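This is how it looks when you write it as structure tokens:
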């Protein structure tokens, strides 16, 4: 039997699907390195155990699959009925047995990949709505998933770092995060520079900015609220220490 291939033919979209699936495989590898007992341990996210991370990533795949189904059928199927339902789902998922929790991740990831595989070119531009209320084309679901699996693989706290994330994903993450700051006006007086990368991000017209600089993985980790290792702060507002990054989600 010949293996079924993605119906999407756009090269850019095919590359994005590849990054999402590689991120899923990387998360799976870090998850499989954990014993059942280690799932009870803390993650890098305050208040969440590793169980919460796995539950979130599993249910996130199901939620994004609902958006892909919406794009395919035209029948509105939201990610979640509400943010409260989403939060309850994660809390419940964290109580599952280790086997059930691992199966949740595995099965939901396969389901989402199949939904993407079977979506024809004509439907990738169909509009759906995120849990935050943004209207986006179905193609955006690939990036939504990509950033979840790569970042949360690090959040499992068992050895993955932002340096493991592909440079293209890191660069897009930084654009997303700084774009969210700018849209909310929370980047006032803050400029971000990446070693070896031309240009800057943030409030580039500020007269006396606080400048955050460092290698791309370290800068993105800082911007995503995952620590300050490897970055430095200079300028009038630095006061000798690296400030916390503004919230981005």
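Numbering (the numbering used here), first residue to last: 16 to 264.
Don't be surprised by glycine CBs; every beta carbon is placed ideally from N, CA and C.
All values reported here derive from a predicted model rather than from experimental measurement.
Is any beta-carbon of chain B found at less than 8 Å from that of residue i?
i           : result
residue 246 : Absent from the structure: chain B. Only one protein chain is present.
Whole angstroms are fine: how far does the CA of residue j sit from the CA of residue i?
i           : j           : result
residue 110 : residue 66  : 8 Å
residue 147 : residue 200 : 18 Å
residue 34  : residue 161 : 7 Å
residue 45  : residue 165 : 11 Å
residue 124 : residue 249 : 42 Å
residue 240 : residue 96  : 28 Å
residue 265 : residue 129 : Within the shown structure, residues of the chain are numbered from 16 to 264, placing residue 265 beyond reach of any answer.
residue 188 : residue 235 : 7 Å
residue 47  : residue 121 : 11 Å
residue 216 : residue 226 : 10 Å
residue 37  : residue 154 : 17 Å
residue 157 : residue 213 : 27 Å
residue 51  : residue 221 : 50 Å
residue 194 : residue 256 : 24 Å
residue 179 : residue 244 : 15 Å
residue 105 : residue 22  : 32 Å
residue 242 : residue 26  : 35 Å
residue 144 : residue 98  : 14 Å
residue 62  : residue 150 : 30 Å
residue 204 : residue 181 : 29 Å
residue 119 : residue 93  : 20 Å
Looking only at its chain, what residues have a beta carbon closer than 7 Å to the beta carbon of residue i, apart from the 5 residues adjacent to it on each side?
i           : result
residue 87  : 134 and 138
residue 163 : 72 and 75
residue 2   : Residue coverage of the chain in this structure runs from 16 to 264, which leaves residue 2 outside it and unanswerable.
residue 42  : 72, 164, 167 and 168
residue 258 : 225 and 248
residue 2   : The structure shown has nothing for residue 2, since the chain only spans 16 to 264.
residue 246 : 227, 228, 229, 233, 234, 237 and 257
Using the beta-carbon count (16 or more within 10 Å), is residue i buried or exposed?
i           : result
residue 224 : buried
residue 264 : exposed
residue 39  : buried
residue 140 : exposed
residue 232 : buried
residue 198 : exposed
residue 174 : exposed
residue 210 : exposed
residue 229 : buried
residue 30  : exposed
residue 108 : buried
residue 100 : exposed
Whose C-beta lies closer than 6 Å to the C-beta of residue i among residues of the same chain, with five residues either side of it excluded?
i           : result
residue 196 : 202 and 261
residue 56  : 65
Going along the chain, which residues of its own chain have a beta-carbon closer than 8 Å to the beta-carbon of residue i, five neighbours each way excluded?
i           : result
residue 127 : 76, 77, 79, 80, 83 and 160
residue 68  : 58, 60, 167, 170 and 171
residue 54  : 64, 65, 66, 69, 113 and 116
residue 24  : 136
residue 176 : 169, 232 and 236
residue 219 : 206
residue 132 : 19, 20, 21 and 22
Who are residue i's beta bridge partners in DSSP?
i           : result
residue 112 : The partner list for residue 112 (beta bridge, DSSP) is empty, contrary to what the question assumes.
residue 250 : 225
Worksheet item: Along the chain, which unbroken stretches of the alpha helix (DSSP H) at least 4 residues long are found entirely within the region 138-220?
Response: 155-170 and 182-199
Discussion item. Quick check on the DSSP output: what are the complete alpha helix (DSSP H) runs of length 4 or more inside the region 57-105, in order along the chain?
Written reply: 65-88
Worksheet item: Fully enclosed by the region 18-47, which beta strand (DSSP E) runs are 3 residues long or longer?
Response: Within the region 18-47, no complete beta strand (DSSP E) run reaches 3 residues.
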